[in-house]
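Throughout, my numbering is defined as the position within the sequence shown, counted from one, plus 18.
Backbone N, C-alpha and C define an ideal beta-carbon position, used for all residues, glycine too.
A quick note: this is a predicted structure, and the numbers were derived from the prediction, not measured.
Have a look at the structure below before the remarks.
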Amino acid sequence: MLKKQAMFDCFRQYILEVSLMKIDYYTKYACPLCDEGLSILRRFPEIHVSIVDIEEDVEKYHSYLLRIPVISYDNGEKELGWPFDEKDIRGIVSSFR
């Protein structure tokens, strides 16, 4: 019985990971708008957010400094910069499904 439960738990975790929408969230330290944007994203449990600190990469720093926070989705094909709200995020999520 334990093997069945372990297999079920593993399968359930796999389904959860596959069904999550993955986005990159470009941000930096001490950015109030970035904090606000992240609080909006956290209202959507179906989104897996990977935080990208632009201060750790010179190229990203120059590309995103004046645009952050920025959401990158569809495997980096699309971006949404600030300002955004729940309605915008709902639109992104619905396009994922």
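Within 7 Å, strictly: CB atoms of residue i and residue j
| i | j | result |
| --- | --- | --- |
| residue 89 | residue 83 | no |
| residue 51 | residue 87 | yes |
Terminal residues of the alpha helix (DSSP H) in which residue i lies
| i | result |
| --- | --- |
| residue 41 | Looking at the DSSP string, residue 41 is not in any alpha helix (DSSP H); the run it does join, the beta strand (DSSP E), is 39-45. |
| residue 77 | 76-82 |
Residue i (DSSP reduced to helix, strand or coil)
| i | result |
| --- | --- |
| residue 95 | coil |
| residue 106 | helix |
| residue 53 | helix |
| residue 86 | coil |
| residue 114 | helix |
Member of the options whose CA lies at the smallest distance from the CA of residue i
| i | options | result |
| --- | --- | --- |
| residue 72 | 113, 103, 40, 49 | 49 |
| residue 67 | 23, 92, 81 | 92 |
| residue 42 | 61, 21, 95 | 95 |
| residue 85 | 23, 64, 21, 45 | 45 |
Continuous beta strand (DSSP E) stretch holding residue i: start and end
| i | result |
| --- | --- |
| residue 65 | 65-71 |
Give a yes or no on contact between the segment 104-113 and the segment 73-80, applying the rule of three or more CB pairs nearer than 8 Å.
no
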